[in-house]
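Chemist: Got a structure for you, written out below as structure tokens; questions coming shortly.
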Amino acid sequence: MSTEQVIKQRVYEAIDGLPSESFEELIHFLDFLKFKYQVQQPRKVVALGGLWKDLDFDVTDAEVRALRQRATAQLLQRV
Numbered sequence: 004m005s006t007e008q009v010i011k012q013r014v015y016e017a018i019d020g021l022p023s024e025s026f027e028e029l030i031h032f033l034d035f036l037k038f039k040y041q042v043q044q045p046r047k048v049v050a051l052g053g054l055w056k057d058l059d060f061d062v063t064d065a066e067v068r069a070l071r072q073r074a075t076a077q078l079l080q081r082v
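According to our numbering, the sequence shown is numbered sequentially starting from 4.
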């Protein structure tokens, strides 16, 4: 008997020893394990550099900084 078969047999025996009330919890745990070990698909990286290069506007760092400060101040007033 292979190691994998021995482990599966131990799992079956452990399940047989559980009360039926615990089966729902066992299913949740097994779902968690399946999620934990599923193969992750590589994410597609989207290049954002130069995204606005064709738009005709000029925003300075100072303007961006001022806008962020105003937005932060407005958010803090709500809290």
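For every residue, glycine included, the Cβ atom is placed at its ideal position computed from N, Cα and C.
Excluding the 5 residues flanking I10 on each side, which residues of the same chain have their C-beta closer than 7 Å to its C-beta?
Modeler: If you number the sequence shown from 1, residue 10 lands on position 7. Excluding sequence neighbours, I10 sits near nothing in its chain.
Chemist: Which of the three DSSP states, helix, strand or coil, is assigned to R71?
Modeler: For the purposes of this step, residue 71 is taken as residue 68 along the sequence shown, with counting starting at 1. Correct three-state label for R71: helix.
Chemist: From L33 to A50, what distance separates their C-alpha atoms?
Modeler: Counted from its first residue, the sequence shown places residue 33 at position 30. Counted from its first residue, the sequence shown places residue 50 at position 47. Their backbone Cα atoms lie some 38 Å apart in a straight line.
Chemist: Can you list the alpha helix (DSSP H) stretches of 4 or more residues lying completely in the stretch 32–76, in chain order?
Modeler: Taking only runs of at least 4 residues, no alpha helix (DSSP H) segment lies wholly in the stretch 32–76.
Chemist: Looking only at its chain, what residues have a beta carbon closer than 8 Å to the beta carbon of V82, apart from the 5 residues adjacent to it on each side?
Modeler: Within the sequence shown, the letter at position 79 stands for residue 82. There are no such residues.
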